[in-house]
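Okay, so here's the structure we're looking at.
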Amino acid sequence: MMPMTQHSQPMSESLAVSQGSPLRTVASPPHSRTEDVVGIATGSFLASIGLFVLAAGGVTTGGTAGLALLLAHVGGWPFSLALLVVSLPFVVLAIRRKGWGFTVRSAAALALVAGFSALHPVAVGVRGIDPVYAAPVGNLLAGVGIVMVFRHRAS
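In structure tokens:
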């Protein structure tokens with residue numbers, strides 16, 4: 192009998208993976224609709240808090256969120272509006288490339304991030320955060336939120 196690893200796979204399989212053999216893909220069961228809603232909402236909330244921290248620190252990040260932060264800072268746009276405008280071409284692209292299911296989930300996540308982002312300045316009342324603190328904390332929160340959204344097949 193072959194020894195088993197902690198995850199109940201034969202030892203030879205885990206050794207084969209560690210020795211550079213192709214990785215075996217194992218499909219995880221799909222999330223339920225309720226799990227998708229909760230995961231996307233939670234991830235969007237965390238991402239929006241991260242973006243709020245970045246904005247309050249006067250720092251930015253990459254991607255569409257970074258461009259929206261820059262437009263909000265330099266152009267005086269509300270961040271929520273800037274995020275929606277900057278993201279719109281990617282929503283159209285998603286319809287063509289990823290299908291309606293992905294696009295609907297992603298549009299919901301985008302709308303939630305925009306909505307939560309409009310709420311944070313009013314609810315929290317923080318006007319300034321030290322940029323040295325804001326950069327890592329804001330990016331960490333945004334990153335964890337985005338990973339949660341990705342896990343529920345949205346972007």
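Under the numbering used here, the first residue of the sequence shown carries the number 192, and numbering increases by one thereafter. The beta carbon of each residue, even a glycine, is placed where N, CA and C say it ideally should be. Keep in mind it's a predicted model, so treat the numbers as computed, not measured.
| Check | Outcome |
| --- | --- |
| Short Cβ contact (7 Å threshold) for A256 with R296 | no |
| The alpha helix (DSSP H) enclosing G316, as first and last residue numbers | No alpha helix (DSSP H) contains G316, which DSSP labels as neither H nor E. |
| T225, buried or exposed, once every other Cβ within 10 Å from all chains shown has been counted against 16 | exposed |
| Pair within 7 Å by beta-carbon distance, L245 and A305 | no |
| Beta-carbon proximity check, A259 vs V277, cutoff 7 Å | yes |
| Residues near A273 by beta carbon distance below 6 Å, same chain, minus five either side | A259, L262, A263 |
| Cβ shell of M339 (< 7 Å), same chain only, five flanking positions each side left out | G230, T233, G234, L237 |
| L242 to I337 span [Cα, whole Å] | 11 Å |
| Simplified DSSP assignment, three categories, for T251 | coil |
| R288 - containing alpha helix (DSSP H), residue span | 270–289 |
| Beta-carbon proximity check, D227 vs H343, cutoff 7 Å | yes |
| Top-ranked residue by Cα proximity to V323, from F307, G248, T252 | G248 |
| Buried or exposed by the 16-neighbour rule on C-beta atoms within 10 Å, applied to G329 | buried |
| Nearest to L275 (by Cα), restricted to the options A300, L331, P327, S223 | A300 |
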